[in-house]
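One structure is given here, and the rest of the page talks about it.
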Amino acid sequence: MAWQGVEIEIQVPCAEGQTHPVRLRFTGWGAFEVAYNPCEELLGPVFARMAACTHYLHEKFPEAFRNDTALKRRLVEAFGAAGAPAVPALIQALGDRRENVRRAAAEALGAIGDPQAIPALIQAVGDSHSAVRRAAAEALVKIGTPAVPALIQALGDSDRDVRRAAAEALGAIGDPQAVPPLIQALGDSDSAVRRAAAEALGAIGDPQAVPPLIQALGDRRVLFAVRQRKRWANSATPKPCPRSACGRTQANTPCDSGGAGQTRRPPSRARAHPSAGG
Ligand SMILES: [Zn+2]
224 MAWQGVEIEI QVPCAEGQTH PVRLRFTGWG AFEVAYNPCE ELLGPVFARM AACTHYLHEK
284 FPEAFRNDTA LKRRLVEAFG AAGAPAVPAL IQALGDRREN VRRAAAEALG AIGDPQAIPA
344 LIQAVGDSHS AVRRAAAEAL VKIGTPAVPA LIQALGDSDR DVRRAAAEAL GAIGDPQAVP
404 PLIQALGDSD SAVRRAAAEA LGAIGDPQAV PPLIQALGDR RVLFAVRQRK RWANSATPKP
464 CPRSACGRTQ ANTPCDSGGA GQTRRPPSRA RAHPSAGG
């Protein structure tokens, strides 16, 4: 059965300065038909064609719709509630001229979580408005693993905002297949991208990221990111703690338990070793 679309009631001008409600059925972004017009009921289909409301709907409404942000947001909400069948219409809404409509569309697509929205959402990550970019990135995180290949590709985008958002989203999704491309992004030309990649790697917590992260500690932006990550230490390769060297080289991290199985920590963290032995 074909999708019936969503119905929205609007007020339309009619004869003698009066307005009355009309129900419109939308099957696409701005694509509508009249579901119910009381004038049609009253006048019959032939005379209703001459009514002012009918003229308004055909002549003026399409342009009015373009400028009516409130109505467009109601429509996005209705499409969002309709779920998967409304995804193509919401993808169209991602290209709307009003940024808060685009943002609402991205949010609705994230809530639906349909992977067919991924290419449009990746494009929206490069939107001119930050709120739209954020909403699109969050939507991709909600879609999760199916969005990972497209986000990995976006790590090579020419727009640094897109690369950074892709790294952040990959960290939030936490899929290990993003680890090698994120390691590569540690060498990005933009410091914010490098930092986002380091944070993402810390969040994913895959041990193969540890040597490149240690190498990247020379990068101040990356070091800052690593310092903020508690999970970094948990992802480090377990190494035996050389008891004799411990007190000398790590004055602030006394090794009171000794023995093997200690977890290596970034030197800047002034914390005691976890006492594996008790
Ligand atoms: Zn009417």
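Offset between the sequence shown (1-based) and our numbering: plus 223.
Where is the CB? At the ideal position from N, CA and C, for every residue including glycine.
All values reported here derive from a predicted model rather than from experimental measurement.
Buried versus exposed, by CB contacts within 10 Å (16 or more), residue i
i	result
TRP226	exposed
ALA389	buried
GLU422	buried
ARG454	Confidence is the limiting factor: at ARG454 the pLDDT is only 48, short of 50, which leaves the residue's position unreliable, though a coordinate-based value still follows. The residue is exposed, with fewer than 16 neighbouring Cβ atoms inside 10 Å.
ARG418	buried
ARG246	exposed
ALA474	Because ALA474 sits at a pLDDT of 36, beneath the cut-off of 50, its placement in the model cannot be relied upon, and the following sentence gives the value as read from the coordinates. Classification of ALA474: exposed, given that the 10 Å Cβ count is below 16.
GLY333	buried
THR277	buried
GLY379	exposed
ALA316	buried
PRO477	Any reading at PRO477 needs caution, since the residue's pLDDT is 36, under 50, leaving its predicted position unreliable; the model's value is listed next. By the 10 Å Cβ count, PRO477 comes out exposed.
LYS295	buried
ALA567	Only positions 224 to 501 of the chain appear in the structure, and residue 567 is not among them; the question remains open.
PRO404	buried
GLU285	The sequence shown places Pro at residue 285, not Glu. Counting Cβ neighbours within 10 Å, PRO285 comes out exposed, since fewer than 16 surround it.
PRO434	exposed
GLY267	exposed
GLU330	buried
ALA238	exposed
GLY240	exposed
Run of the alpha helix (DSSP H) containing residue i, from where it starts to where it stops
i	result
HIS188	Nothing can be reported for residue 188, as the shown portion of the chain is limited to 224 through 501.
LEU317	No alpha helix (DSSP H) contains LEU317, which DSSP labels as neither H nor E.
LYS295	292-305
GLY410	No alpha helix (DSSP H) holds GLY410; DSSP gives it neither H nor E.
ALA426	414-427
GLY333	322-335
Candidates the options, of which the one nearest residue i by Cα
i	options	result
ASN290	ARG320, GLY228, LEU424	ARG320
GLY425	PRO399, SER412, ALA343, ASP413	PRO399
LEU440	ARG357, TRP252, SER414	SER414
VAL229	LEU344, GLN431, ALA420, TRP252	TRP252
THR242	ALA373, CYS262, ILE396	CYS262
PRO342	PRO372, ILE231, GLU330, ALA327	PRO372
LYS283	GLU330, ALA312, ALA327, GLN234	GLN234
ARG297	ALA327, GLU322, PRO308	ALA327
ILE437	ILE427, LEU409, VAL416	LEU409
ALA312	ARG357, ARG248, THR368, GLY367	ARG248
HIS281	GLU264, LEU265, GLU256	GLU256
Enclosing beta strand (DSSP E) for residue i [first to last residue]
i	result
GLU230	229-236
VAL257	255-259
VAL245	242-249
CB of residue i within 8 Å of CB of residue j, strictly
i	j	result
PRO236	TYR279	yes
VAL355	ARG325	yes
ALA392	VAL385	no
ASP337	VAL310	yes
ASP411	ALA420	yes
ILE406	ALA432	yes
Contact test: residue i Cβ vs ligand 3 heavy atom, cutoff 7 Å
i	result
HIS243	In the structure shown, ligand 3 is absent; the only ligands present are ligand 1.
CB contact check: residue i to chain C, cutoff 8 Å
i	result
ALA421	The question asks about chain C, but that chain is absent: this structure has only one protein chain.
**At least 3 beta-carbon pairs within less than 8 Å: the region 269-277 vs the region 290-306** = no
**Request:** Taking 8 Å as the threshold, find out whether the region 281-290 comes into contact with the region 345-353 through three or more Cβ pairs.
**Result:** no
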